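To keep things clear, I will list the structure first and then write my remarks on it.
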Amino acid sequence: MSWTLYQKARDRLARERGAITKAFGGKLTFALAYPNTYHVGMSNLGFQKVYALLNQDPEVLCERAFLPDPPDLAQHQQSQVPLFSLESQTPLSKFEVVAFSLSFETDFLYVLKILELARIPLKTEERAEHHPLVVCGGIAATFNPEPLAAFVDLFLIGEGEAILPGFLSALKQSQEGGEGHEAFLQRLATCPGVYVPSAYQVRYHPDGRIEEMIPQPGFPATIQKWWLKDLDSSPTASVILTPDTEFSQIYLVEVSRGCSRRCHFCVAGHSYQPLRFYRTDTLRAQIAQGLAQTRKIGLVGVALTEIPGLLSLCQEIVAQGGQVCPASLRMEGISPPLMELLAAGGQRAVALAPEAGTERLRRMIRKNFSEEEIVEKVSISLQGGIAHFKLYFLVGLPTEGPEDVEAIVELTKKIQHIARKSGQSRRRPWTIQLSINPFVPKPFTPFQWEPMEEVRSLQAKLKAIKGGLAKVGQVQVFHDGPKWSFVQALLSRGDRRVGDLLYAAHRLGGDWYRAFREVNLNPEFYVYRPREEEEHFPWDHLDLGVSKRHLLAERKRTFSP
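Each residue of the sequence shown is one higher than the last, beginning at 1233 in my numbering.
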């Protein structure tokens, strides 16, 4: 029955600490939607930060919305109850703006599902003035928004702290002037970091490659990413604590943004530049707020082990009865004092990312450490009191051969051997989890020109790894299905025409491979095709701060003898 949907929302709110509620009267209204379930969305620190940023403005009201859990999804469809916000249970169609926070390409399909459940027409051309503006931001929308171009009115390119003030100012001025959607979108032509896809026409070569992208008069040929220069001016930490997330009752604190390594496969390492750190006193203040609410402090940042004063911060957390929960650790940052501190606070598991099995392949992707160094860091962790390891690997990297795949098995066996010996001597349980994902080429990386390896070949490699470790005790292997990675690769480097496949997959209940059969567009053109050096990419009109020339030079150095 429909009343159970409303009751579940109220029950979730009751379990939260930190939700923001406002009265609707006279405010600019936002429904901030995460295109996945509540459990996933509320684990996302960026989503919580945007929620806080919008609600900091006294003239703005922002409430949250999520993809319903599977049982609730069926109830929405059966009862015809439109999707509503969490805080006030207001239908999303009643808000002036529906804004999506996109972290993963695989959630693009859920953007369409949420719009459908909200009774909002999916395509921009089908919406009227009384419908909400549909806005997208987040890392997945920043590096290639094109597959969603037909469904989204505008994209915010860059970091919310830098873009939102200008965007909100333009929106308020538009409202005060009584402008319609079209006039407002025209106003955004000069708003930094805002991309209006309907203002750009794409021309294609006869062979299907992009020839050029032509902006309407007044719109820029290139949209620059806007980023926050001073992190301390807007610290990022958990806004809401709830037991119903991946990080149950963990207070998350961002400690850095950006990355110094720039691994060749990683879009975050290239698009979140430059590397920035918070001041120690800023972090201390955020940690103090967290410890007042819970004992678990999650430190978030790609460059976690590079932050100045990390050890002393961890010491302070543990001394106050807290537990340090790092998202993941770089090999070079692992030290006996740090591991002992983590264990002293109750942390028993760490995540490490060798990414490849051989030193040759690791060096090629800029993971510059030897097998001996990896084993040594695991030994240090075990001696410090860590007993559970999650190891991240990729398969299908450029130039990968059978020996590289076999090396993943052999490296895991060596780690298992020393973990077993440590567990026996200390009489404590231990585990090793392998998370193995197919390599998916990403925009704004030196590998954006490379093809993805074919699904059948990836399946064989994953089968070989699982077979090689089947009889190795206390080792579990988890991986994404290569067919699903194929879809991710399609969306990652697709152009606007891929929106037709996205629309068909939505119409067919998420059946991508049936959509491939029904739509006259070959997905292998986007997934398996090597790109020419001079090819015009769907994202070439975006400037994320790293030049195509630089990426191409890095690619040439990577593959040079």
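Ideal placement from N, C-alpha and C gives every residue a C-beta, glycine not left out.
Since this is a predicted model, take the numbers as computed values, not measurements.
Can you give the Cα-Cα distance for PRO1661 and GLY1655, rounded to whole angstroms? The residue labelled residue 1661 in the question sits at position 429 within the sequence shown. The residue labelled residue 1655 in the question sits at position 423 within the sequence shown. Going from the Cα of PRO1661 to the Cα of GLY1655 covers about 6 Å.
Do ILE1697 and ILE1664 come within 8 Å of each other at the CB atom, strictly closer than that value? Locating residue 1664 in the sequence shown gives position 432, counting from the first residue. Locating residue 1697 in the sequence shown gives position 465, counting from the first residue. No, these two residues do not count as a Cβ contact at 8 Å.
Counting along the chain, where does the alpha helix (DSSP H) carrying SER1234 start and finish? In the sequence shown, residue 1234 corresponds to position 2, counting from 1. Segment 1234-1247, the alpha helix (DSSP H) holding SER1234.
Whole angstroms are fine: how far does the CA of ILE1612 sit from the CA of GLN1571? By one-based count along the sequence shown, residue 1571 stands at place 339. By one-based count along the sequence shown, residue 1612 stands at place 380. Before going on, a small fix: residue 1571 reads as Met here, not Gln. Roughly 7 Å between the two C-alpha positions.
Does DSSP classify GLU1765 as helix, strand or coil? Residue 1765 sits at position 533 when you count from the first residue of the sequence shown. In the structure shown, GLU1765 sits in coil (DSSP, three-state: anything other than H, G, I, E or B).
What is the DSSP secondary structure of GLU1319, counted as helix, strand or coil? In the sequence shown, the residue the question calls residue 1319 occupies position 87. Three-state DSSP puts GLU1319 in coil, outside helix and strand.
Beta-carbon gap between ILE1640 and PHE1625 smaller than 8 Å: The sequence position of residue 1640 within the sequence shown is 408, counting from 1. The sequence position of residue 1625 within the sequence shown is 393, counting from 1. The criterion of a C-beta distance shorter than 8 Å is satisfied by ILE1640 and PHE1625.
Distance check for ALA1431 and GLU1632, CA to CA, integer angstroms please. Start at 1 with the first residue of the sequence shown, and residue 1632 comes out as number 400. Start at 1 with the first residue of the sequence shown, and residue 1431 comes out as number 199. Rounded to whole angstroms, GLU1632 to ALA1431 spans 42 Å at the Cα level.
Do LEU1623 and PRO1586 come within 8 Å of each other at the CB atom, strictly closer than that value? Along the sequence shown, one-based indexing puts residue 1586 at 354. Along the sequence shown, one-based indexing puts residue 1623 at 391. Contact: yes.
Candidates TRP1458, LYS1355, LEU1545 and HIS1502: which alpha carbon is nearest ALA1517's? The residue given as residue 1517 occupies position 285 in the sequence shown. Answer by Cα proximity: LEU1545.
Determine the contact status of ARG1244 and TYR1270, defining contact as a CB-CB distance below 8 Å. On the sequence shown, residue 1244 is found 12 positions in, with the first residue counted as 1. On the sequence shown, residue 1270 is found 38 positions in, with the first residue counted as 1. Result yes, Cβ atoms of ARG1244 and TYR1270 sit closer than 8 Å.
Helix, strand or coil at ALA1721 according to DSSP, with G and I counted as helix: Position 489 of the sequence shown, counting from 1, holds the residue named residue 1721. Note: ALA1721 maps to helix in three-state DSSP.
Please report the residue range of the alpha helix (DSSP H) in which LYS1397 lies. Sequence index remark: in the sequence shown, residue 1397 carries index 165 (1-based). In the sequence on display, residue 1397 carries Pro and not Lys. Counting along the chain, the alpha helix (DSSP H) containing PRO1397 begins and ends at 1392-1408.
VAL1607 and ILE1566 closer than 8 Å at C-beta: Position 375 of the sequence shown, counted from the first residue, corresponds to residue 1607. Position 334 of the sequence shown, counted from the first residue, corresponds to residue 1566. Not a contact, by the Cβ cut-off of 8 Å.
Tell whether a beta-carbon distance below 8 Å holds between PHE1340 and LEU1286. Here residue 1340 corresponds to residue number 108 of the sequence shown, with the count starting at 1. Here residue 1286 corresponds to residue number 54 of the sequence shown, with the count starting at 1. Not closer than 8 Å, so no.
Kindly identify the DSSP beta-bridge partner or partners of PRO1796. In the structure as shown, the chain begins at 1233 and stops at 1793. Residue 1796 is therefore absent and cannot be evaluated.
Does the Cβ of TRP1235 have 16 or more other Cβ atoms within 10 Å, making it buried, or fewer, making it exposed? Here residue 1235 refers to the residue found at position 3 when the sequence shown is read from its first residue. Counting Cβ neighbours within 10 Å, TRP1235 comes out exposed, since fewer than 16 surround it.
Completely contained beta strand (DSSP E) runs for the stretch 1695-1765, where each covers 3 or more residues: 1707-1711
Any contact between the stretch 1250-1263 and the stretch 1311-1320? By contact I mean 3 or more CB pairs, one from each, below 8 Å. yes
Tell me, which residues are paired with GLU1635 by DSSP? Within the sequence shown, residue 1635 is the residue found at index 403, counting from 1. DSSP lists no partner for GLU1635.
Checking the sheet assignment: what are the DSSP bridge partners for PHE1601? Reading the sequence shown from its first residue, position 369 is the one you call residue 1601. Looking at the DSSP assignment, PHE1601 forms no beta bridge with any residue, so it has no partner.
With 16 as the cutoff for other CB atoms within 10 Å, does SER1480 come out buried or exposed? Numbered from its first residue, the sequence shown carries residue 1480 at position 248. Counting Cβ neighbours within 10 Å, SER1480 comes out exposed, since fewer than 16 surround it.
Looking at the secondary structure, which residues open and close the alpha helix (DSSP H) in which CYS1368 lies? Here residue 1368 refers to the residue found at position 136 when the sequence shown is read from its first residue. Element bounds for CYS1368: not the alpha helix (DSSP H) but the beta strand (DSSP E), 1365-1369.
For PHE1509, name the three-state secondary structure that DSSP assigns. What you label residue 1509 is simply residue 277 of the sequence shown in a count that begins at 1. In the three-state reduction of the DSSP assignment, PHE1509 falls in the strand class.
Output yes or no for whether 8 Å exceeds the beta carbon distance between LEU1561 and ALA1588. Residue mapping note: residue 1561 aligns to position 329 of the sequence shown, counting from 1. Residue mapping note: residue 1588 aligns to position 356 of the sequence shown, counting from 1. No, these two residues do not count as a Cβ contact at 8 Å.
For the alpha helix (DSSP H) that contains ALA1284, what are its first and last residues? Locating residue 1284 in the sequence shown gives position 52, where the first residue counts as 1. Residues 1277-1288.
Where the alpha helix (DSSP H) through LYS1788 begins and ends: Here residue 1788 corresponds to residue number 556 of the sequence shown, with the count starting at 1. LYS1788 -> alpha helix (DSSP H) spans 1780-1791.
Kindly list the residues whose CB is nearer than 7 Å to the CB of LEU1701, restricted to its own chain and excluding five residues on each side of it in sequence; keep chain order. As a first step, residue 1701 is located in the sequence shown; it is residue number 469 there, counting from the start. Counting only Cβ-Cβ distances below 7 Å, and skipping sequence neighbours, we find VAL1641, THR1644, VAL1707 and VAL1709.
For TRP1458, which beta-bridge partners are listed by DSSP? Here residue 1458 is taken as the residue at index 226 of the sequence shown, counted from 1. TRP1458 is bridged to GLY1390.
Simplified DSSP state of TYR1504, which is helix, strand or coil: Taking the first residue of the sequence shown as 1, we reach residue 1504 at position 272. Coil at TYR1504, not helix or strand.
Could you give the distance in angstroms between the alpha-carbon of VAL1778 and the alpha-carbon of HIS1502? The count along the sequence shown starts at 1 and reaches residue 1778 at position 546. The count along the sequence shown starts at 1 and reaches residue 1502 at position 270. Their Cα atoms are separated by approximately 7 Å.
Start and end residues, beta strand (DSSP E) containing SER1667: Taking the first residue of the sequence shown as 1, we reach residue 1667 at position 435. Run containing SER1667: 1663-1670, per the beta strand (DSSP E) assignment.
On the premise that THR1677 lies in contact with LEU1515, defined as a C-beta separation below 8 Å, what is that separation, rounded to the nearest angstrom? For this step, residue 1515 is matched to residue 283 along the sequence shown. For this step, residue 1677 is matched to residue 445 along the sequence shown. Going by Cβ atoms, the distance from LEU1515 to THR1677 rounds to 30 Å, so no, they are not a contact pair.
At which residues does the alpha helix (DSSP H) containing HIS1308 begin and terminate? On the sequence shown, position 76 is the one that residue 1308 refers to. Note, HIS1308: alpha helix (DSSP H), 1302-1311.
C-alpha distance - PRO1755 paired with VAL1282, whole-angstrom precision: Residue numbering aside, residue 1755 sits at position 523 when the sequence shown is read from its first letter. Residue numbering aside, residue 1282 sits at position 50 when the sequence shown is read from its first letter. Whole-angstrom Cα-Cα distance: 34 Å.
Test item: CB-CB of VAL1366 and PHE1387 under 8 Å: To locate residue 1366, count along the sequence shown from 1; it is residue 134. To locate residue 1387, count along the sequence shown from 1; it is residue 155. Not in contact: VAL1366 and PHE1387 (Cβ atoms no closer than 8 Å).
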